[in-house]
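Counting the sequence shown from 1 gives a position; the working numbering is that position plus 134.
Take a look at the structure set out below.
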Amino acid sequence: YGKNPIEKIYTLSTKIQEFQFKDISIQTKDSQYVNSILQVQARIDKTKAFEYFKKYGDKDLEDIKSILSNTIQKQFEKVTTQYNVMEVLGDKRNEIVDKTLGFVKLLKDGIMVERIVLVDTDAGKEIENAISKEAIAKKEVDTAKYQKEKAKLEEIGNTLGTTSKEYEEQKNVVTQLGQ
């Protein structure tokens, strides 16, 4: 009789595993450094399990998480270098995460990244204080513009014999009709 062609059967878990990568340091377009914490959910893609096995053998994702961390960090930084520090810390955060996920969704070695969450970002006290001051200044400018517009509306309203609230409502109707 002959030798069994299947000497050993290996099993790989294709369940989603969750990792938290701390101290992910990235650079922004304006050459600022931001430390981040990323939460990543990944699994071995069932259809690419052979590619995974060829590269990593029967190692679990937990065993290669440093490789996964490095890969995601490189792609994350590739995206963040397109944004300034204000955008990374602020309103472009979700867009940055979505773009990063797009780059790493299915890695060539059979790893499927299901989700990335940007848990925390830290650009240092100096940068964060500057951002806070800028936000306060912007709010003051917006408030001043609002007060100026309100005074203008009240003046027009007094001239027309209406209140600024009535004039504002009329202005909104005219604006909506113009759209």
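Glycine included, each C-beta is placed from N, C-alpha and C at the ideal position.
Given that a residue counts as buried once 16 or more other Cβ atoms are within 10 Å of its Cβ, and exposed if not, what is residue i?
i    : result
Q281 : exposed
Q209 : buried
F184 : exposed
V275 : exposed
A278 : exposed
Measuring CB to CB, does residue i end up less than 8 Å from residue j?
i    : j    : result
Q161 : T234 : no
G244 : D179 : yes
Q166 : V253 : no
I250 : L172 : yes
F155 : I206 : yes
N175 : I150 : According to the sequence displayed, residue 175 carries Gln and not Asn. Yes, the Cβ-Cβ distance between Q175 and I150 is below 8 Å.
If you draw a straight line from the C-alpha of residue i to the C-alpha of residue j, how long is it?
i    : j    : result
Y144 : E248 : 24 Å
D232 : K284 : 40 Å
K193 : G236 : 25 Å
E141 : S203 : 33 Å
T148 : E211 : 28 Å
What residue does the beta strand (DSSP E) around residue i start on, and which one ends it?
i    : result
L172 : Y167 to I178
D256 : I245 to D256
The alpha helix (DSSP H) that contains residue i, what's its start and end?
i    : result
L223 : V219 to L223
K149 : That residue, K149, is in no alpha helix (DSSP H); it is neither H nor E in DSSP.
D209 : Note on identity: in this sequence residue 209 is Gln, with Asp being the wrong assignment. Element bounds for Q209: K199 to T214.
In its own chain, which residues sit with a C-beta less than 7 Å from the C-beta of residue i, not counting the 5 before and 5 after it?
i    : result
Q216 : K163
R227 : L252
So, for residue i: in the same chain, excluding its five sequence neighbours on each side, which residues have a beta-carbon less than 6 Å away from its beta-carbon?
i    : result
T255 : V168, S170 and L223
K199 : F153
For residue i, I'd like the list of residues in its chain whose CB is within less than 8 Å of its CB, leaving aside the five on either flank, ordered along the chain.
i    : result
Y186 : L146, I178, D179, D243, G244 and I245
L240 : D179, K182, M246 and V247
V238 : T205, I206, Q209, V247 and I250
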